[in-house]
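Asks:
2 protein chains.
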Amino acid sequence: MALDLFTERGYGQTSLREIAERLGLTKAALYYHFSSKDEIFMALHRRLHESLDATVAVLEDEDMTLGGWLALFERFVEKFPGNRKLILMHERNRTAFEKVHNEGHDQEHADIEEKLSAALRDPEIPVRERIRIGCAFSMMMGGLLFAGDGFQDVDADELTAEMKSALQDLLGAY
Amino acid sequence: MALDLFTERGYGQTSLREIAERLGLTKAALYYHFSSKDEIFMALHRRLHESLDATVAVLEDEDMTLGGWLALFERFVEKFPGNRKLILMHERNRTAFEKVHNEGHDQEHADIEEKLSAALRDPEIPVRERIRIGCAFSMMMGGLLFAGDGFQDVDADELTAEMKSALQDLLGAY
DNA sequence: GTCTATATTTCGATAGAC
DNA sequence: GTCTATCGAAATATAGAC
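Protein sequences appear in the order of chains A and B. Start counting the first sequence at 2; every next residue gets the next number (our numbering). Start counting the second sequence at 2; every next residue gets the next number (our numbering).
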């Protein structure tokens with residue numbers, strides 16, 4: 002599957018030949034289903050968005066506070082089990098996503114990273130809070146790397162609970 | 002510079018033509034200084050190791066406890082200002098590094114990620130501690146992404162201090 | 001829908017002049 | 001040390017039969 006190859010080897014190191022091979026098809030067959038390599042990539046991108054946009058929708062409405070970010074991140078963590086592979090692929094291909102994102106003049110989707118990036122550079126928010134929000138986000142996303150790596154023997158619910166606990170220690174201590 | 006291109010666009014999406022172009026040279030001139038594209042990549046890898054191996058050397062000696070990891074991460078954070086670009090490049094090219102690392106049967110260097118990976122899957126360590134160590138590490142590495150992105154107006158010392166404070170909240174509350 | 005070609009481009013790498 | 005020129009391999013993508 003393309004998802005696995007992009008995660009293991011990275012987008013730029015994965016060829017259509019490899020993808021087709023793992024699928025038991027030929028390259029030509031892939032072009033019946035997708036018009037380009039980028040489109041395969043973007044299809045996976047869209048799948049993740051469709052799965053998480055409802056969770057992130059609150060960003061449109063609310064003016065986020067520290068507690069608001071905590072609540073959002075906690076909801077995000079709860080969605081991890083069902084989206085682990087997609088998020089992991091995304092995390093391991095940030096450069097490739099940015100490139101396709103820029104070239105394609107991608108439609109304005111309610112992207113959590115855009116709102117986050119805006120908050121992190123917002124001079125209205127105290128520096129300490131901005132740093133904490135950034136730390137919490139990277140902890141949350143990076144935690145996934147280990148969720149598949151070192152924590153395979155750990156119960157999913159326990160992992161979720163511990164991640165929430167860590168988020169609270171980072172954001173809730175005020 | 003190759004360092005910038007690998008960081009912006011990723012190793013697999015960067016061609017030698019682009020690197021040479023940004024340097025004001027031709028591809029052929031690059032091959033006088035490096036024997037292959039991989040070697041350019043590994044030269045940057047080695048530069049980071051030479052800069053951080055002294056900090057990580059403690060891993061060889063000690064049997065790490067939770068407090069040991071905290072101390073190590075704090076020292077790591079202090080080394081950030083001088084190694085920001087290299088670490089950022091490393092973080093954004095994990096897949097490419099793993100590939101070169103495997104193919105080249107890279108010499109056993111005291112890599113922090115190997116020791117970390119071992120600790121995360123060590124059944125002797127309580128699950129809660131394993132998760133906290135993983136969270137702290139990803140927070141620390143991911144914090145770099147924002148250090149260059151949203152925190153350009155933040156004083157470097159203040160950022161370091163706040164990162165340490167966050168590390169303590171994650172690892173020191175026991 | 002999937003195949004066997006094949007076209008086209010780009011890439012990493014080399015040869016040899018200066 | 002850097003250049004021009006080029007090679008060979010591999011990649012993306014297409015054409016057309018079945």
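We put the CB at the ideal spot given by N, CA and C, even for glycine. Computed from a prediction, not measured in an experiment: that's the story for all the values here.
For my contact list, LEU171 (chain B) and ARG131 (chain B) are in at a C-beta cut-off of 8 Å; report their separation, rounded to the angstrom.
Replies: Not quite, the Cβ-Cβ distance comes to about 13 Å (not below 8 Å), so this is no contact.
Asks: Quick check on GLU125 (chain A): does DSSP put it in helix, strand or coil?
Replies: If DSSP states are grouped into helix, strand and coil, GLU125 (chain A) belongs with coil.
Asks: Whose CA, out of B:ALA21, B:ARG10, B:LEU67, lies closest to the CA of GLY173 (chain B)?
Replies: Residue B:LEU67 is the option with its Cα nearest to GLY173 (chain B).
Asks: Determine the burial state of ALA55 (chain A): buried for a count of at least 16 other Cβ atoms within 10 Å of its Cβ, exposed for fewer.
Replies: Flag for ALA55 (chain A) reads exposed.
Asks: Per DSSP, what kind of secondary structure is MET140 (chain B) in: helix, strand or coil?
Replies: If DSSP states are grouped into helix, strand and coil, MET140 (chain B) belongs with the helices.
Asks: LEU89 (chain B) and THR8 (chain B): beta carbons closer than 8 Å?
Replies: Yes, the Cβ-Cβ distance between LEU89 (chain B) and THR8 (chain B) is below 8 Å.
Asks: Among A:TRP70, A:VAL155, A:ASN84, which residue has its Cα nearest to the Cα of GLU114 (chain A)?
Replies: Residue A:TRP70 is the option with its Cα nearest to GLU114 (chain A).
Asks: If you compare alpha carbons, which of B:GLY11, B:ASP5, B:MET2 is closest to ALA97 (chain B)?
Replies: If we check each option's Cα against that of ALA97 (chain B), B:GLY11 comes out closest.
Asks: Considering just the uninterrupted stretch of the alpha helix (DSSP H) at THR56 (chain A), what are its terminal residues?
Replies: 38-57 is the span of the alpha helix (DSSP H), which, as asked, contains THR56 (chain A).
Asks: Beta-carbon of GLU104 (chain B) versus every beta-carbon of chain A: anything under 8 Å?
Replies: No, GLU104 (chain B) does not count as interfacial toward chain A.
Asks: On a CA-only basis, which of B:PHE138, B:LYS165, B:VAL128 is nearest ASP158 (chain A)? Give me that one, please.
Replies: Comparing Cα-Cα distances from ASP158 (chain A) to each of B:PHE138, B:LYS165, B:VAL128, the minimum goes to B:VAL128.
Asks: Quick check on DSSP: helix, strand or coil for ASN84 (chain A)?
Replies: Helix, per DSSP.
Asks: For GLU75 (chain A) and chain B, any beta-carbon pair shorter than 8 Å?
Replies: Judged by the 8 Å Cβ criterion, GLU75 (chain A) is not in contact with chain B.
Asks: In chain order, what residues of the stretch 134-151 of chain A put their CB closer than 7 Å to some CB of chain B?
Replies: Listed by position, the residues of the stretch 134-151 of chain A near chain B (Cβ gap below 7 Å) are GLY135, CYS136, SER139, MET140, MET142, GLY143, GLY144, LEU146, PHE147, ASP150, GLY151.
Asks: Among A:MET141, A:GLY151, A:LEU145, A:PHE152, which residue has its Cα nearest to the Cα of SER166 (chain A)?
Replies: Ranking the options by Cα distance to SER166 (chain A), first place goes to A:MET141.
Asks: Should PRO124 (chain A) be counted as a contact of the ligand COA given a C-beta to heavy atom distance under 7 Å?
Replies: Looking for the ligand COA in the displayed structure turns up nothing, as the structure carries no ligands at all.
Asks: Check the Cβ of ALA97 (chain B) against every Cβ in chain A and list those closer than 7 Å, keeping chain order.
Replies: Going along chain A in sequence order, the residues near ALA97 (chain B) (Cβ under 7 Å) are GLY11, GLN14.
Asks: Between B:ARG23, B:SER52, B:CYS136, which has its C-alpha nearest LYS86 (chain B)'s C-alpha?
Replies: Of the candidates B:ARG23, B:SER52, B:CYS136, the one whose C-alpha sits nearest the C-alpha of LYS86 (chain B) is B:SER52.
Asks: Quick one: Cα of GLU163 (chain B) to Cα of TYR33 (chain A), how far?
Replies: Rounded to the nearest angstrom, the two C-alpha atoms are 52 Å apart.
Asks: Would you say LEU146 (chain A) and GLU75 (chain A) are within 8 Å of each other, going by their C-beta atoms?
Replies: Their beta carbons are not under 8 Å apart, which means LEU146 (chain A) does not touch GLU75 (chain A) by this criterion.
Asks: Using a cut-off of 8 Å between C-beta atoms, extract the partners of ALA167 (chain B) located in chain A.
Replies: In chain order: ILE132, ARG133, CYS136, LEU171.
Asks: Interface residues of chain B around LEU45 (chain A) at Cβ under 9 Å?
Replies: Those within 9 Å of LEU45 (chain A) in chain B number zero; the least Cβ separation is about 15 Å.
Asks: On a CA-only basis, which of B:ASP39, B:ALA3, B:SER37 is nearest ARG23 (chain B)? Give me that one, please.
Replies: Nearest of B:ASP39, B:ALA3, B:SER37 to ARG23 (chain B), Cα basis: B:ALA3.
Asks: Which of the three DSSP states is assigned to ASP158 (chain B) in this structure?
Replies: If DSSP states are grouped into helix, strand and coil, ASP158 (chain B) belongs with the helices.
Asks: Closest to GLN153 (chain A) by C-alpha separation, out of B:GLU63, B:ARG122, B:GLY144, would be which residue?
Replies: Measuring from the Cα of GLN153 (chain A), the nearest candidate turns out to be B:ARG122.
Asks: Using the C-alpha atoms, what's the distance from HIS102 (chain A) back to VAL57 (chain A)?
Replies: If I take the Cα positions, the gap works out to 19 Å.
Asks: Locate the alpha helix (DSSP H) running through GLU75 (chain B), then write down its first and last residues.
Replies: Unbroken alpha helix (DSSP H) run through GLU75 (chain B): 67-79.
Asks: Note down, in chain order, every chain A residue with its Cβ under 9 Å from the Cβ of SER118 (chain B).
Replies: Those within 9 Å of SER118 (chain B) in chain A are PHE147, ASP150, GLY151.
Asks: Starting from the Cα of PRO82 (chain A), find the closest Cα among A:GLY135, A:GLY144, A:LEU17 and give me that residue.
Replies: Ranking the options by Cα distance to PRO82 (chain A), first place goes to A:GLY144.
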